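One structure is given here, and the rest of the page talks about it.
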Amino acid sequence: MGKLVRSSADMWVGPGEAVRSLRQLEAEAERRVTDDVWAYIQGGAGEEATLAANREAFRRWTLMPRALVDVSELDLSTEILGQRVHAPFFVAPTAYQGKVHPDGELATARAAAHEGCLAVFSTLASRSLEEIASGSGAAPRWFQLYLQPDFEISRSLVRRAERAGYGALVVTVDAPVLGVRDRQASAGFAIDASLPVGNGHDVVPPPRAASFQGDRYRLRSEAASTWEILDDLRGVTRLPIVVKGILTADDARRCADHGARAVIVSNHGGRQLDGAPASLDVLPEIVEAVGSRVEVLMDGGVRRARDVLVALAFGARAVGLGRPVLWALAADGEAGVRRYLSLLGSELATCLALVGRPKLGDIDRSLLRPSPRGNDRSP
Ligand SMILES: Cc1cc2nc3c(=O)[nH]c(=O)nc-3n(C[C@H](O)[C@H](O)[C@H](O)COP(=O)(O)O)c2cc1C
56 MGKLVRSSAD MWVGPGEAVR SLRQLEAEAE RRVTDDVWAY IQGGAGEEAT LAANREAFRR
116 WTLMPRALVD VSELDLSTEI LGQRVHAPFF VAPTAYQGKV HPDGELATAR AAAHEGCLAV
176 FSTLASRSLE EIASGSGAAP RWFQLYLQPD FEISRSLVRR AERAGYGALV VTVDAPVLGV
236 RDRQASAGFA IDASLPVGNG HDVVPPPRAA SFQGDRYRLR SEAASTWEIL DDLRGVTRLP
296 IVVKGILTAD DARRCADHGA RAVIVSNHGG RQLDGAPASL DVLPEIVEAV GSRVEVLMDG
356 GVRRARDVLV ALAFGARAVG LGRPVLWALA ADGEAGVRRY LSLLGSELAT CLALVGRPKL
416 GDIDRSLLRP SPRGNDRSP
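In structure tokens:
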């Protein structure tokens, strides 16, 4: 992606040349996977209000361009937790990529490494965290931890991630229980031991719904975790801790108080609590509350360069990409993911030029104005 700073002529060179747009990747993905896997990828929780809100939130903002700025050199690179990356977007963790493409996370890891992007890999990846590390080589990668019923297991996963060269621990806190996934369940996609899990079902048992016992609903023991779990994790690792799934300023402050180095403002792509706010809508208050103490990242509904710009203008250091990466993976494996990441990079370069902000440091709230048309699809 380094080539983006040179000229527009070579921007569109890359694998998967036949795929020219994100829409084509999405359509191709739908053709390639079975209906149940498509429902797993696309679905959200409940009536999918939060899933829809993630996209709608971006449409409420317009971009205010500056004219006659020297944009002959564009720089998309940034640092995330001190690590240099080629772009302010990263691959968000998504489970079971082996159901989406036979190469699964290996393809994603290689593609992200090739494009110089940070990638985060799930506890529930289809490949072991060591295999994924070998696929991504020296490229930046983080390990996403789902707390396990037994803390010793969480601790051993963290140790393995350290040894395998992961640069941070992303602790997902919005999933003490699996959300109510109507679409996924109706399509027959079962979250159970039949799914490919590289770290082993004996090590990381599939997430479960609540069970009814006596007069109470009971969850597995990791659901008993409170803020001290962050201190416990800090006690067993030197890796920086990133907390994923934060939607309030209060919780963001608690993350900072308990030593987290970054938060990811996220509602899990609308897959957990239906009715939770769009990530973008709460981003500004979280940046205001903790932006000077921790790095603020976000995900949810980011598809194209203009979405990246809006989130950055609200103070996000970088944004995560969930479903679009899975579309790209389903459509064409490693080549597809490379294609999407490079398309997004070139589109972002184009947008930076068009808004007259040649580097990311030039982006601030002056870029944004509320759309007079609110939530409709324009501009
Ligand atoms: C199919 C799928 C699986 C996911 N699995 C995980 C996971 O294992 N761990 C996690 O922290 N988040 C998981 N997420 C949430 C993503 O990391 C991210 O928060 C979300 O997809 C961002 O929204 P977007 O899909 O609109 O980009 C998953 C999302 C999807 C779509």
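Take the sequence shown: its position 27, counted from the start at 1, is 82 in the numbering used here, and no numbers get skipped. Heads up, the beta-carbon is just placed ideally off N, CA and C, and yes, glycines get one too. Since this is a predicted model, take the numbers as computed values, not measurements.
Should Arg215 and Glu186 be called a contact, given that it needs their Cβ atoms to be closer than 8 angstroms?
no
Is Asn254 a contact residue of ligand 1, with contact defined as CB to any heavy atom under 7 angstroms?
Answer for Asn254: no, Cβ out of range of ligand 1.
Residue interval of the alpha helix (DSSP H) (run including Asp387):
Arg378 to Val410
Taking the C-alpha atoms as reference points, what is the distance between Gly429 and Arg275?
42 angstroms
Which partner residues does Phe198 have in the DSSP bridge list?
Paired residues: Phe176 and Leu224.
Around the Cβ of Asp329, are there at least 16 other Cβ atoms within 10 angstroms (buried) or fewer (exposed)?
buried
Is DSSP giving Arg316 helix, strand or coil here?
coil
Is it the case that the Cβ atoms of Ala331 and Asn322 are separated by a distance below 8 angstroms?
yes
Ala371 versus Val252: straight-line alpha-carbon distance, rounded:
32 angstroms
For Ser209 and Asn254, what's the separation of their Cα atoms in angstroms?
Going by the C-alpha atoms only, they are around 12 angstroms apart.
Under the three-state reduction of DSSP, which class applies to Gln79: helix, strand or coil?
helix
For ligand 1, is there any heavy atom lying closer than 7 angstroms to the beta carbon of Asp237?
no
Range covered by the beta strand (DSSP E) that runs through Leu123
It is not in any beta strand (DSSP E) - Leu123 carries neither H nor E in the DSSP assignment.
If contacts are defined as beta-carbon pairs under 8 angstroms, then Val175 and Ile96 qualify, I think. What distance do you get, rounded to the angstrom?
That belief does not hold up - the Cβ atoms of Val175 and Ile96 are roughly 17 angstroms apart, past 8 angstroms.
Evaluate contact between the segment 123-130 and the segment 344-352, counting only Cβ atoms and requiring at least three cross-stretch pairs below 8 angstroms.
no
Secondary structure at Ile246, three-state DSSP: helix, strand or coil?
Ile246 falls in the coil class under three-state DSSP.
Which of the three DSSP states, helix, strand or coil, is assigned to Ser321?
Reduced to three states, the DSSP call for Ser321 is coil.
Three-pair Cβ contact test at 8 angstroms for the segment 149-169 versus the segment 184-204
yes
Whole angstroms are fine: how far does the CA of Ala386 sit from the CA of Glu83?
5 angstroms
Counting along the chain, where does the alpha helix (DSSP H) carrying Glu111 start and finish?
Segment Ala104 to Arg114, the alpha helix (DSSP H) holding Glu111.
Please report the residue range of the beta strand (DSSP E) in which Leu352 lies.
Glu350 to Asp354
Val410: beta carbon under 7 angstroms from a heavy atom of ligand 1?
no
Among Ala311, Leu224, Gly356 and Gln327, the one whose alpha carbon lies nearest that of Val345:
Ala311
According to DSSP, Lys154 sits in a beta bridge with which residue or residues?
Its beta-bridge partners do not exist; DSSP assigns none.
Nearest-angstrom Cα separation, counted from Phe267 out to Gly391
For the pair Gly391 and Phe267, the Cα-to-Cα distance works out to about 43 angstroms.
Whole-angstrom distance between Leu335 and Val357, CA atom to CA atom:
9 angstroms
Does the distance between the C-beta of Leu179 and the nearest non-hydrogen atom of ligand 1 fall short of 7 angstroms?
At least one heavy atom of ligand 1 is nearer than 7 angstroms to the Cβ of Leu179, so yes.
Identity of the residues DSSP links to Tyr272 by a beta bridge
Paired residue(s): Phe267.
What whole-angstrom Cβ distance do Val213 and Leu202 have, given they're in contact under 8 angstroms?
With a Cβ gap of about 11 angstroms, Val213 and Leu202 do not count as contacting.
What residue range does the beta strand (DSSP E) around Thr163 cover?
Segment Gly159 to Glu170 is the alpha helix (DSSP H) holding Thr163; no beta strand (DSSP E) there.
Please list the terminal residues of the continuous beta strand (DSSP E) segment that includes Gln138.
Its beta strand (DSSP E) spans residues Gln138 to Val140.
If I measure Cβ to Cβ from Gly71 and keep anything under 6 angstroms in the same chain, skipping five residues before and after, which residues do I get?
Bear in mind that the predicted position of Gly71 carries a pLDDT of just 49, short of 50, making it too unreliable to give a figure here.
Ignore the nearest five residues each way along the sequence and tell me which others in Glu402's own chain have a CB closer than 7 angstroms to its CB.
Arg359 and Ala360
Find the nearest neighbour of Ala194 within the set Ile135, Ala245 and Gln152, judged by alpha-carbon distance.
Ile135
Would you give the residue range spanned by the alpha helix (DSSP H) that Gly300 belongs to?
No alpha helix (DSSP H) holds Gly300; the beta strand (DSSP E) holding it covers Ile296 to Ile301.
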